[in-house]
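J.: Here the working numbering runs 644 ahead of the position in the sequence shown, where the first position is 1.
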Amino acid sequence: MSKLKEGDKVTWDSPQGKTKGTVEKKLTKDTKLGSKTYRASKDNPKVKVKSTKSGKEAIHKEDSVKKNK
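Below is the structure:
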């Protein structure tokens, strides 16, 4: 697994299919997005991503987001 950083172009699975976007931030502490709180830590980081198509933000486990080549 490659380590992700801010600005990386990435792809992830969503209910609508593959989604492309950009890593906005790597999260290592609990973070709220909308009405949901996402649990994150140094041992279990999450990434905040922004969809290129819709502009919406989401938070995913780091290993569920793949860096584009």
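Idealized CB from N, CA, C, for every residue including glycine.
Quantities reported herein were computed from a predicted structural model and do not represent experimental measurements.
1. Span of the beta strand (DSSP E) holding residue 677?
2. Quick check: the Cα distance between residue 686 and residue 698, rounded to an integer number of angstroms?
3. Smallest Cα separation from residue 668: which of 684, 678, 695 and 688?
4. What does the Cβ neighbour count give for residue 665, buried or exposed, with the cut at 16 atoms within 10 Å?
T.: Judging by the given coordinates:
1. 675-677
2. 29 Å
3. 695
4. buried
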